[in-house]
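Engineer:
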Amino acid sequence: MSNHQNLLGEQRRALIVDEVRRHGGVRVNELTRRLNVSDMTVRRDLDAPARQGLLEKVHGGAVPASEASTCEPGFEATSSLEPGAEEDIARVAAAMAVPGSAVALSGGTTTYALAHRLLDVADLTVVTNSVRVADAFHTAQRPGGAAEGRPGAPTVVLTGGVRTPSESLVGPVADQAIRSLRFDLLFLGVHGISVEAGLSAPSLAEAETNRRLVRSARRVVVVADHTKWGTVGLSSFARLDEVDTLVSDAGLPGGAREALAEYLPNLVVAGEAADPPEARA
78 MSNHQNLLGE QRRALIVDEV RRHGGVRVNE LTRRLNVSDM TVRRDLDAPA RQGLLEKVHG
138 GAVPASEAST CEPGFEATSS LEPGAEEDIA RVAAAMAVPG SAVALSGGTT TYALAHRLLD
198 VADLTVVTNS VRVADAFHTA QRPGGAAEGR PGAPTVVLTG GVRTPSESLV GPVADQAIRS
258 LRFDLLFLGV HGISVEAGLS APSLAEAETN RRLVRSARRV VVVADHTKWG TVGLSSFARL
318 DEVDTLVSDA GLPGGAREAL AEYLPNLVVA GEAADPPEAR A
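Under the working numbering, the residues of the sequence shown are numbered 78 to 358, in order.
Right under this line is the structure:
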């Protein structure tokens, strides 16, 4: 969608429904940019198709009807929706990685942004169940890549498994590989985070693989922009008190910060903290 500011309400709503069906979900802030209308207009435009059963409104956007907790938008559908926030989060999180350590990265657009930052950390062993994250490291080390010839290039291990719409690998094969490993630090992207449900995923298989990642890590750092707050997926896989640090962005509401502070040892708001927490072995 582009240059649609002069569209009538019915035309905008039809385009929104089409976007939801094609991409598996949309976010309000993305629609305001693409349609060049206000946040309030987009939310009103979502009301009619929601009443008609054409889509279902969720925190921050909409998904196909009856798929609110199980809908998993594809990687392209969620990439670049919060690019500034993701870059801020990636910059702060990368400072937590210790050269020579073993780190794990789950799937997601924020961990993908973080992967590019971790290229500057020497001698990492990186385990990931994300095809996109693994590609980021391998592409950078190819001839002409950003890290070509750089000393201390990371060793990257990609788990096997069944590919999800977000291009993560999940299921028994991934779970078995992760079960046998131990990480100094896990950078975990999430589908949703809330006080009631903790960390959640849109499928049982993805939840189980994430659960295995959490159990294999000495420290768990969740990297999640503010739009993930209040979203609840089909299956919870970790409590908030199992998280060592949450790195989010300045869009995180004050009420969310207060609620999270009761459960998390460390809440870091990228773009507001003068200095990121020092990396710890």
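Ideal Cβ positions, reconstructed from N, Cα and C, are used throughout, including at glycine. Predicted model, so just to flag it, every value in this text is computed and none were measured.
Quickly, what does DSSP pair T202 with across the bridge? List them, please.
Structural biologist: In the DSSP output, where bridge partners are listed per residue, T202 has A179 and T232.
Engineer: For G237, is the classification buried or exposed, using 16 other Cβ atoms within 10 angstroms of its Cβ as the cut-off for buried?
Structural biologist: exposed
Engineer: Only counting the same chain, and skipping five residues up and downstream in sequence, which positions put a Cβ closer than 6 Å to that of S157?
Structural biologist: Confidence in S157 is poor, its pLDDT being 44 and thus under 50, which makes the residue's placement unreliable; the coordinate value appears in the next sentence. Counting only Cβ-Cβ distances below 6 Å, and skipping sequence neighbours, we find nothing.
Engineer: Using only the alpha-carbon positions, how far apart do P75 and K134 sit?
Structural biologist: Nothing can be reported for residue 75: it is not among the residues displayed for the chain, which extend from 78 to 358.
Engineer: Quick one, are the C-beta atoms of T187 and A301 less than 8 Å apart?
Structural biologist: yes
Engineer: Should G86 go down as buried or exposed, given a rule of 16 or more other Cβ atoms within 10 Å for buried?
Structural biologist: exposed
Engineer: Take the Cβ of A315 as the centre, count every other Cβ of all protein chains shown within 10 Å, and call the residue buried at 16 or more, exposed below.
Structural biologist: Counting Cβ neighbours within 10 Å, A315 comes out buried, since at least 16 surround it.
Engineer: Tell me the DSSP secondary structure of P249 in three-state form.
Structural biologist: helix
Engineer: Does DSSP classify D302 as helix, strand or coil?
Structural biologist: coil
Engineer: Return helix, strand or coil for D122, following the three-state DSSP convention.
Structural biologist: Of the three classes helix, strand and coil, the one that applies to D122 here is helix, per DSSP.
Engineer: Per DSSP, which one or two residues make a beta bridge with F260?
Structural biologist: A294
Engineer: Roughly how many angstroms lie between the CA atoms of V210 and P231, to the nearest whole one?
Structural biologist: 12 Å
Engineer: Are the beta-carbon atoms belonging to S243 and S277 less than 8 Å from one another?
Structural biologist: no
Engineer: In three-state terms, what does DSSP make of L311?
Structural biologist: If DSSP states are grouped into helix, strand and coil, L311 belongs with coil.
Engineer: Look at D165 and D326 and say whether their C-beta atoms are less than 8 Å apart.
Structural biologist: yes
Engineer: Per DSSP, which one or two residues make a beta bridge with T322?
Structural biologist: V298 and N343
Engineer: Cα-Cα, which of V267, R288, G266 and T322 is closest to Q253?
Structural biologist: Considering only V267, R288, G266 and T322, the residue with the shortest C-alpha distance to Q253 is R288.
Engineer: Applying the criterion that 16 or more other CB atoms from any shown protein chain within 10 Å of the CB defines a buried residue, is A139 buried or exposed?
Structural biologist: buried
Engineer: Can you give me the Cβ contacts of A190 inside the same chain, cut-off strictly under 7 Å, excluding the 5 residues immediately before and after it?
Structural biologist: E163, E164 and A167
Engineer: Considering only C-alpha positions, which residue in the set D321, G177 and A125 is nearest to L195?
Structural biologist: Looking at the Cα atoms, G177 is the closest of the given residues.
Engineer: Run through DSSP, which three-state label would V272 get?
Structural biologist: coil
Engineer: Determine the extent of the beta strand (DSSP E) in which G238 is found, giving its start and end residues.
Structural biologist: First-last for G238: undefined, no H or E at that position.
Engineer: Need the endpoints of the beta strand (DSSP E) that G86 sits in, please.
Structural biologist: From DSSP, G86 is part of no beta strand (DSSP E) but of the alpha helix (DSSP H) over G86 to H100.
Engineer: Answer yes or no: do R296 and D321 have a C-beta to C-beta separation smaller than 8 Å?
Structural biologist: yes
Engineer: If you measure between the beta carbons of V234 and A282, is that distance less than 8 Å?
Structural biologist: no
Engineer: If you draw a straight line from the alpha carbon of P279 to that of A192, how long is it in whole angstroms?
Structural biologist: 23 Å
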